[in-house]
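Read the structure below first, then the notes.
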Amino acid sequence: MSNRSNVMPETVERFNGSFQAGPRTSQLKPVSFEDTSIAFSSQSNFKLRKTYWLFALMNQGWLVNLGTFFIKIALRLHLPIKFLIKNTIFEQFCGGESIQDSEKTIKHLHDVHVGTILDYSVEGEENEKSFDETTLEILCTIERASKSDDIPFSVFKITGLASTDLLEAVQIGDSLNKEQKTQFDQVLNRVNTLCRRAYERNVRVFIDAEESWIQDTIDTLAYEMMDRYNHERPVVYNTYQMYRWESLDRLRRDVNEAHAKGYFLGAKLVRGAYLEKERLRSHEEEYQDPIQATKEDTDRDFNAAIDFCLENRDIVSFCLGTHNEYSCEYCIQQMKRLSIEPGDPHIYFAQLLGMSDNISYNLANAGYNVAKYVPYGPVEAVMPYLFRRADENKSIAGQSSREFTLVSDELKRRKGCN
Numbered sequence: 000m001s002n003r004s005n006v007m008p009e010t011v012e013r014f015n016g017s018f019q020a021g022p023r024t025s026q027l028k029p030v031s032f033e034d035t036s037i038a039f040s041s042q043s044n045f046k047l048r049k050t051y052w053l054f055a056l057m058n059q060g061w062l063v064n065l066g067t068f069f070i071k072i073a074l075r076l077h078l079p080i081k082f083l084i085k086n087t088i089f090e091q092f093c094g095g096e097s098i099q100d101s102e103k104t105i106k107h108l109h110d111v112h113v114g115t116i117l118d119y120s121v122e123g124e125e126n127e128k129s130f131d132e133t134t135l136e137i138l139c140t141i142e143r144a145s146k147s148d149d150i151p152f153s154v155f156k157i158t159g160l161a162s163t164d165l166l167e168a169v170q171i172g173d174s175l176n177k178e179q180k181t182q183f184d185q186v187l188n189r190v191n192t193l194c195r196r197a198y199e200r201n202v203r204v205f206i207d208a209e210e211s212w213i214q215d216t217i218d219t220l221a222y223e224m225m226d227r228y229n230h231e232r233p234v235v236y237n238t239y240q241m242y243r244w245e246s247l248d249r250l251r252r253d254v255n256e257a258h259a260k261g262y263f264l265g266a267k268l269v270r271g272a273y274l275e276k277e278r279l280r281s282h283e284e285e286y287q288d289p290i291q292a293t294k295e296d297t298d299r300d301f302n303a304a305i306d307f308c309l310e311n312r313d314i315v316s317f318c319l320g321t322h323n324e325y326s327c328e329y330c331i332q333q334m335k336r337l338s339i340e341p342g343d344p345h346i347y348f349a350q351l352l353g354m355s356d357n358i359s360y361n362l363a364n365a366g367y368n369v370a371k372y373v374p375y376g377p378v379e380a381v382m383p384y385l386f387r388r389a390d391e392n393k394s395i396a397g398q399s400s401r402e403f404t405l406v407s408d409e410l411k412r413r414k415g416c417n
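Numbering that gives the first Met the number 0 puts the sequence shown at residues 0 to 417.
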């Protein structure tokens with residue numbers, strides 16, 4: 000296996016097209032996450048004011064709870080509220096109802112040097128028919144990603160392809176009956192079909208992390224796919240939730256395993272999204288809480304993981320899936336210290352569409368590799384995703400306030416420029 004850390008980015012081809020090297024470290028543009036003129040440069044005054052009012056409402060926790068309650072009732076009663084949803088929260092956080100509908104968002108992001116990660120966010124019923132339909136749709140995202148370099152990654156969740164109960168039964172070592180064995184064989188086939196297609200089409204693919212009681216099964220599937228398809232280049236990326244106290248050691252172990260077996264490790268680093276569920280379940284079932292004791296512990300391990308990935312760039316390609324400004328700044332500074340170019344093809348930053356544009360756009364403007372998760376799907380079917388986004392903005396300390404403040408600052412700046 001060649002040592003890629005000694006290869007200058009200018010000589011490396013991006014896996015989905017020609018790679019454009021960023022500015023050399025001696026000519027770097029400064030990055031300021033406070034620069035709203037760059038963060039919202041592509042938004043009209045009308046769109047910005049609309050965003051302002053949306054985050055103003057989302058900044059009120061009680062209102063989010065009330066709105067979520069009434070929207071669920073209205074959808075259950077088939078009341079005509081789709082137009083309202085589509086032109087507010089859906090427009091903010093989703094690309095469209097289909098890949099074709101999302102093309103406008105893909106182009107918009109591409110124009111400001113931000114990639115798209117198409118995220119099929121439909122949460123169907125747990126049956127074999129819905130799992131097969133989801134597999135076919137993800138194959139479509141891989142095909143779309145293979146056609147141009149504006150989509151650097153595809154992504155899927157294992158629970159979109161398999162029953163949660165089945166994944167848990169496999170994890171705890173239950174003896175599977177004949178039907179369950181057949182179903183798990185189908186899961187393996189679906190995962191392999193997606194990863195093989197990604198390999199054939201030169202597309203990188205994320206396998207998202209999920210709850211701890213099924214994550215070991217997901218990890219095992221991810222490692223098997225890496226060993227099949229990552230020997231030439233990083234194709235399959237597993238996700239590490241750094242709010243779990245064991246994740247840093249797992250990352251180190253997995254890198255050693257990749258070294259031993261001769262494949263590249265793809266890693267997406269996130270903090271985590273299931274904190275309340277994890278803590279409640281560990282308390283109810285009386286097992287050790289898998290979550291870090293404090294947020295500071297999570298932040299420490301997240302940044303330690305950045306250091307570890309940077310130190311092992313000969314074998315690790317990684318993406319920071321984070322809205323945390325400090326961790327993004329930390330990675331930037333470590334890259335500078337190690338004389339790593341901003342456009343190094345083995346390092347990416349990613350945020351959700353509609354959130355943290357101050358991070359995404361300012362990083363992209365300075366030549367770093369950035370992508371936005373762009374969820375899509377029929378309005379009614381992606382509502383669970385949208386409810387989580389609203390709740391996430393409410394529950395993450397200061398997140399909605401931060402978004403609201405940034406939009407407010409930009410509106411004030413534009414008023415002062417007139």
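All residues carry an ideal CB built from backbone N, CA and C; glycine is no exception. Keep in mind it's a predicted model, so treat the numbers as computed, not measured.
Where residue i falls: helix, strand or coil (DSSP)
i	result
lysine 371	strand
isoleucine 217	helix
tryptophan 61	Because tryptophan 61 carries a pLDDT of 47, less than 50, the predicted location of this residue cannot be relied on, and the following value inherits that uncertainty. If DSSP states are grouped into helix, strand and coil, tryptophan 61 belongs with the helices.
glycine 342	coil
alanine 161	coil
alanine 303	helix
glutamine 240	strand
cysteine 93	coil
arginine 200	coil
aspartate 118	strand
glutamine 350	strand
serine 147	coil
valine 30	coil
phenylalanine 152	strand
valine 235	strand
phenylalanine 39	coil
isoleucine 105	helix
isoleucine 206	strand
valine 113	coil
Among the options, nearest to residue i - alpha-carbon criterion
i	options	result
isoleucine 150	His107, Ser162, Lys294	His107
valine 111	Glu284, Lys49, Ser40, Ser153	Ser40
leucine 56	Glu122, Ala365, Thr404	Thr404
histidine 109	Ser120, Thr158, Ser147	Ser147
threonine 374	Ile116, Trp244, Arg227, Glu102	Checking the displayed sequence, the identity of residue 374 turns out to be proline instead of threonine. Ranking Ile116, Trp244, Arg227, Glu102 by Cα distance to proline 374 puts Ile116 first.
serine 246	Lys276, Phe301, Gln287, Phe263	Phe301
glutamine 291	Glu284, Arg299, Glu285	Arg299
tyrosine 222	Ser211, Trp212, Ile206, Glu231	Ile206
arginine 336	Met354, Thr321, Leu309	Leu309
valine 369	Phe386, Asp343, Tyr384, Met382	Asp343
aspartate 215	Tyr228, Cys194, Asn229, Asn237	Asn237
arginine 232	Phe263, Leu165, Lys414	Phe263
tryptophan 212	Asp226, Gly261, Thr158	Thr158
Minimum Cβ-Cβ distance from residue i to chain C less than 9 Å
i	result
valine 186	Chain labels in this structure do not include chain C; a single protein chain is all it has.
Contact set for residue i: own chain, Cβ-Cβ below 7 Å, skip 5 residues either direction
i	result
asparagine 311	Val254
valine 378	Lys81, Ile84, Lys85, Phe89, Glu96
glutamate 283	none
Own chain, CB closer than 6 Å to residue i, minus 5 neighbours either side, in chain order
i	result
alanine 161	Val186
leucine 250	Tyr239, Ala304
aspartate 356	Ala38
leucine 220	Val190
Contact under 9 Å by Cβ, residue i with residue j
i	j	result
tyrosine 239	leucine 268	yes
valine 113	alanine 363	yes
leucine 47	threonine 87	no
alanine 197	valine 169	no
aspartate 144	valine 202	Here the sequence assigns alanine to residue 144, which means aspartate is not the residue at that position. Their beta carbons are under 9 Å apart, which means alanine 144 touches valine 202 by this criterion.
Contacting residues, own chain, Cβ-Cβ under 8 Å from residue i (five flanking each side not counted)
i	result
tyrosine 51	Phe403, Val406, Ser407, Leu410
cysteine 139	Ile98
proline 29	Ala365
arginine 200	Ile141, Glu142, Ala144, Ser145
Query raised in the report: Enumerated in chain order, which unbroken segments of the alpha helix (DSSP H) with a length of 4 residues or greater are wholly contained in the segment 257-342?
Result: 274-283, 294-310, 324-336
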